[in-house]
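With our numbering as the guide, the letters of the sequence shown map in order to residues 4 to 567. Note that the Cβ used here is the ideal one computed from N, Cα and C, for glycine as well. Just so you know, these numbers come straight off a predicted model, no measurement behind them. In what follows, a structure is listed as structure tokens, so that the remarks can point back to it.
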Amino acid sequence: MNTSERLVETLENLGVERVFGYPGGRVIELFDRLPESSVDLVRPRDEREASVMAEMHGRLTGDPGVLVGQGPWIGSLGVIGQMEARLGSSPMVVVTEASERGDYSTVAPYQQSRGDYGGVELPKILDAVTKEHWCPRTPPETVRSLQLAFKHAVAGRPGPTAVVLDGNAVTEEMPDDPIPPVWDDAAQTRTWSAAPTPRDVAAAVEALESADRPVVVAGNGVHAAGAYDELRTVAERYDAIVVTSYLGKSTFPETHRLAGGVVGSFGHEGANRVVSEADALLVVGCRLNPMDTNWGAPDFVRPAEQTIVHADVDARNAGWVYPADVGLIGDAAESLRELAEAGAASNDWAESRAATARESFDAPECESAATPMLPQRAVKEIERVVDADTVVTADSGNNRFWLLNYLQTPAVRTYFGSGGVGGMGWANPAAVSAALATEKDVLAVAGDGGFAMTMTSVETAVEQGVAPTFVVLNDTSLGMVRQMQRGPDDIAGVEFHDTDFARVAEAFGAEGVRVESPDELGDALRDGKASATPTVVDARIDRDEDMAETLQSSFYASVGGLHE
């Protein structure tokens with residue numbers, strides 16, 4: 004067989020069910036072989052949407068999402084999903100090429116991106132956004148590189164990897180017995196999980212058992228490791244409140260008696276207060292970035308007064324932002340399992356204090372019947388249709404912060420948001436990918452700005468036979484940017500023409516409805532979940548309800564106004 008046939012065989016051997024991509028360049032050789040294989044192709048309208056779909060597949064399943072496409076566009080449009088995967092720790096494999104045209108590469112052929120004079124340099128772009136990338140030149144190298152791409156995508160901290168195909172090698176015959184050998188696909192891609200040392204586990208257990216007010220800060224690493232049961236067991240054995248980072252939302256059911264909400268400058272007042280009151284913090288799979296830590300507010304996390312146990316798969320992350328007393332280096336599931344087996348404790352503080360913290364999920368605005376709808380009430384209507392078999396994908400902008408604060412997730416793996424790099428337009432293609440990968444109902448939530456960026460994902464859903472519900476919280480503007488300006492009319496480019504997204508949906512072959520009242524939204528959401536056709540719900544919200552002002556007031560209350 005030739006190289007392209009062998010690459011598709013590798014995908015089959017590794018259990019890849021679908022790839023996301025767009026035909027062009029020498030990857031056409033792979034597209035040519037896909038119809039004869041068990042691997043399906045999902046082709047959206049452009050490489051950006053394909054890259055987000057691949058990223059979400061990896062994030063949701065733990066198996067690398069595969070992005071395939073021509074080099075110049077994988078290195079431009081397709082960078083969005085790769086950046087999200089790199090910063091959000093999603094396993095992803097990119098298969099691309101450099102359009103170098105063989106012997107013509109040194110005389111600047113059209114689209115050449117190998118890096119020779121007269122062209123662009125795709126490897127440099129990939130070096131900036133991937134964990135690892137390979138530029139193989141022979142058939143054996145090419146197959147081995149794809150195997151290693153799958154291995155590196157999931158080894159340690161997950162992330163994106165890439166293989167840049169050579170235009171000649173991809174059509175050459177695979178030798179029967181190459182030296183060095185090309186090993187069996189499954190054997191070459193096998194990985195192992197790391198676990199913390201017994202000494203560090205013992206120190207962490209001592210810290211948690213001696214604490215009167217233990218708190219767990221759960222981050223995206225819990226999602227990446229699928230460590231949901233282990234997290235819950237640790238919380239219950241040590242009687243510890245669990246709060247989450249933004250990317251860690253839904254690693255722990257927010258209705259659980261020990262749930263405290265989401266921390267950070269756009270998180271819950273109750274959760275922030277809980278962290279500041281703790282005498283011991285167990286940080287799991289969270290790097291503690293500035294937004295999670297209220298931009299370093301002095302009274303939030305206090306290493307001199309609190310015992311900090313930091314568990315992370317990457318030793319560089321433990322104790323990165325705040326000095327840690329104990330580091331647990333290894334897979335989050337392994338670290339939590341060791342803690343659960345080695346100790347236990349109880350206190351009179353956690354359950355009642357968590358119940359008070361969860362009050363931050365509600366506000367009087369959540370029950371408002373006003374029209375246009377207050378966004379808080381819109382989120383509560385969304386919450387009413389979210390159960391353990393529902394996945395919510397949240398876009399960037401105001402919408403995700405309304406969801407962050409007022410959507411109380413009932414189970415793990417029910418909420419995923421754009422927050423690695425935080426690009427707008429993420430929620431729509433992510434919802435299509437989630438619908439393809441699971442049997443669950445899926446709700447995409449975006450503002451009108453983000454929805455319009457990738458609304459052709461609705462058409463992809465129609466073509467693929469899946470039926471997400473796309474909710475547009477529509478204020479005919481870039482609401483977050485508009486609201487965060489403190490003077491009247493002091494910024495250009497934030498207002499939009501009032502587009503009828505319901506009619507756009509119908510043009511794509513989906514269902515569309517425009518709603519203005521909370522009751523209408525509730526009915527539309529229930530109808531959308533029940534429908535076998537994708538549904539776009541264009542929900543008109545009150546553009547004057549200021550997200551930054553509302554949430555910052557809670558932030559100042561929770562940290563005493565220490566951060567200016």
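Cα-Cα separation, D328 to A307: The residue labelled residue 328 in the question sits at position 325 within the sequence shown. The residue labelled residue 307 in the question sits at position 304 within the sequence shown. Each residue's Cα considered, the two are about 10 Å apart.
Backbone CA spacing between A397 and L410 [nearest angstrom]: On the sequence shown, position 394 is the one that residue 397 refers to. On the sequence shown, position 407 is the one that residue 410 refers to. Straight-line Cα distance between these residues: approximately 11 Å.
Where F1 falls: helix, strand or coil (DSSP): Outside the displayed span of the chain (4 to 567) sits residue 1, for which this structure offers no information.
Neighbourhood of G512 by C-beta distance below 6 Å, restricted to the same chain and skipping five residues each side: As a working mapping, residue 512 is identified with position 509 in the sequence shown. Closer than 6 Å at Cβ, skipping near neighbours: V465.
Residue nearest to Y107 in terms of C-alpha spacing, selected from A343, G118, V97: Counted from its first residue, the sequence shown places residue 107 at position 104. Looking at the Cα atoms, G118 is the closest of the given residues.
Residue-level contact to chain B via CB, E442, 7 Å cutoff: In the displayed structure, chain B is absent; only one protein chain is listed.
Reduced DSSP secondary structure (H/G/I, E/B, other) of Y418: Indexing the sequence shown from 1 puts residue 418 at position 415. In the three-state reduction of the DSSP assignment, Y418 falls in the strand class.
Proximity below 7 Å, CB of D478 to CB of R546: Here residue 478 corresponds to residue number 475 of the sequence shown, with the count starting at 1. Here residue 546 corresponds to residue number 543 of the sequence shown, with the count starting at 1. Yes, these two residues count as a Cβ contact at 7 Å.
Residue range of the alpha helix (DSSP H) that includes T457: Numbered from 1 along the sequence shown, position 454 holds the residue referred to as residue 457. No alpha helix (DSSP H) contains T457, which DSSP labels as neither H nor E.
T258 versus F499 - alpha carbon distance: As a working mapping, residue 258 is identified with position 255 in the sequence shown. As a working mapping, residue 499 is identified with position 496 in the sequence shown. Roughly 37 Å between the two C-alpha positions.
Helix, strand or coil at F504 [DSSP, three-state]: As a position in the sequence shown, residue 504 is number 501, starting the count at 1. When DSSP states are grouped into helix, strand and coil, F504 belongs to the helix group.
Strand pairing of P163, partner residues [DSSP]: Position 160 of the sequence shown holds residue 163. Looking at the DSSP assignment, P163 forms a beta bridge with M95.
Straight-line Cα distance separating A414 from K532: Taking the sequence shown and counting its residues from 1, one reaches residue 532 at position 529. Taking the sequence shown and counting its residues from 1, one reaches residue 414 at position 411. If I take the Cα positions, the gap works out to 18 Å.
Cβ neighbour criterion (16 or more within 10 Å) applied to W195: As a first step, residue 195 must be located in the sequence shown, where it is residue number 192. By the neighbour-count rule (16 or more Cβ atoms within 10 Å), W195 is not buried but exposed.
Entirely enclosed beta strand (DSSP E) segments - the stretch 154 to 227, minimum 3 residues: Look at the stretch 154 to 227 and you find these whole runs of beta strand (DSSP E), each 3 residues long or longer: 163 to 168, 217 to 221.
Per-residue burial, M550 [other beta carbons within 10 Å of its own, 16 or more giving buried]: If you number the sequence shown from 1, residue 550 lands on position 547. So M550 counts as buried.
Run of the beta strand (DSSP E) containing D35, from where it starts to where it stops: By 1-based counting over the sequence shown, the position of residue 35 is 32. In the DSSP assignment, D35 falls outside any beta strand (DSSP E) and lies within the alpha helix (DSSP H) extending over 31 to 36.
Selected residue, minimal CA-CA separation from D215, among A347, R506, W429, T254: On the sequence shown, residue 215 is found 212 positions in, with the first residue counted as 1. The shortest C-alpha separation from D215 is found at A347.
Cβ separation of G2 and G68, assumed to be a contact under 8 Å, to the nearest whole Å: Absent from the structure is residue 2, since the part of the chain shown begins at 4 and ends at 567.
Cβ neighbour criterion (16 or more within 10 Å) applied to E39: Numbered from 1 along the sequence shown, position 36 holds the residue referred to as residue 39. So E39 counts as exposed.
Start and end residues, beta strand (DSSP E) containing D43: Along the sequence shown, one-based indexing puts residue 43 at 40. Unbroken beta strand (DSSP E) run through D43: 43 to 45.
Close beta carbons around E233, own chain, < 7 Å, minus the five adjacent residues each side: Position 230 of the sequence shown, counted from the first residue, corresponds to residue 233. Counting only Cβ-Cβ distances below 7 Å, and skipping sequence neighbours, we find A336, L339, R340, A343.
Alpha carbon of E50 to alpha carbon of Q85, nearest angstrom: Here residue 50 is taken as the residue at index 47 of the sequence shown, counted from 1. Here residue 85 is taken as the residue at index 82 of the sequence shown, counted from 1. For E50 and Q85, the distance between alpha carbons rounds to 11 Å.
Nonlocal neighbours in the same chain, by C-beta distance under 8 Å from G273, ignoring five residues either side: As a first step, residue 273 is located in the sequence shown; it is residue number 270 there, counting from the start. Result list for G273: G263, G264, T359, A360, R361, E362, S363, S561, in chain order.
Neighbourhood of P239 by C-beta, 6 Å cutoff - its chain only, sequence neighbours within 5 removed: For the purposes of this step, residue 239 is taken as the residue at position 236 of the sequence shown. Pro is not the amino acid found at residue 239; the sequence shown has Glu there. Once the five neighbours on either side are set aside, E239 has no close Cβ partner at all.
Closest Cα partner of V22 within the set M59, W429, T310: As a first step, residue 22 must be located in the sequence shown, where it is residue number 19. For V22, the nearest C-alpha among the options comes from M59.
Supposed close pair K134, G162 - CB separation, criterion 8 Å: Your numbering for residue 134 matches position 131 in the sequence shown. Your numbering for residue 162 matches position 159 in the sequence shown. A Cβ-Cβ distance of about 4 Å is found for the pair K134 and G162, placing them in contact under the 8 Å criterion.
Residue interval of the beta strand (DSSP E) (run including N477): Sequence index remark: in the sequence shown, residue 477 carries index 474 (1-based). N477: member of the beta strand (DSSP E) spanning 472 to 477, first to last residue.
Own chain partners of D390 with C-beta closer than 7 Å, once the 5 adjacent residues on each side are dropped: On the sequence shown, position 387 is the one that residue 390 refers to. Cβ neighbours of D390 beyond the five flanking positions: P413.
Limits of the alpha helix (DSSP H) - the one that I128 falls within: Taking the sequence shown and counting its residues from 1, the one referred to as residue 128 is at position 125. For I128, the enclosing alpha helix (DSSP H) covers residues 125 to 132.
Residues that DSSP places opposite A283 in a beta bridge: By 1-based counting over the sequence shown, the position of residue 283 is 280. BP columns for A283 point to P217, T310.
Contact belief for T472 with V516 at Cβ below 8 Å, rounded distance in angstroms: Here residue 472 refers to the residue found at position 469 when the sequence shown is read from its first residue. Here residue 516 refers to the residue found at position 513 when the sequence shown is read from its first residue. Between T472 and V516, the beta carbon gap of about 10 Å keeps them out of contact (Cβ cut-off 8 Å).
CB-CB length for G422 against Y231, believed under 8 Å: Position 419 of the sequence shown, counted from the first residue, corresponds to residue 422. Position 228 of the sequence shown, counted from the first residue, corresponds to residue 231. Rounded, the Cβ-Cβ distance is 19 Å, inconsistent with contact.
Whole alpha helix (DSSP H) elements within the stretch 370 to 457, 4-residue minimum: Qualifying alpha helix (DSSP H) stretches, in chain order: 378 to 387, 401 to 409, 430 to 440, 451 to 456.
L14 versus I83: straight-line alpha-carbon distance, rounded: Here residue 14 corresponds to residue number 11 of the sequence shown, with the count starting at 1. Here residue 83 corresponds to residue number 80 of the sequence shown, with the count starting at 1. Straight-line spacing of the CA atoms in L14 and I83 works out to 23 Å.
Alpha-carbon spacing of Q114 relative to V98, whole angstroms: Numbered from its first residue, the sequence shown carries residue 114 at position 111. Numbered from its first residue, the sequence shown carries residue 98 at position 95. Rounded to whole angstroms, Q114 to V98 spans 17 Å at the Cα level.
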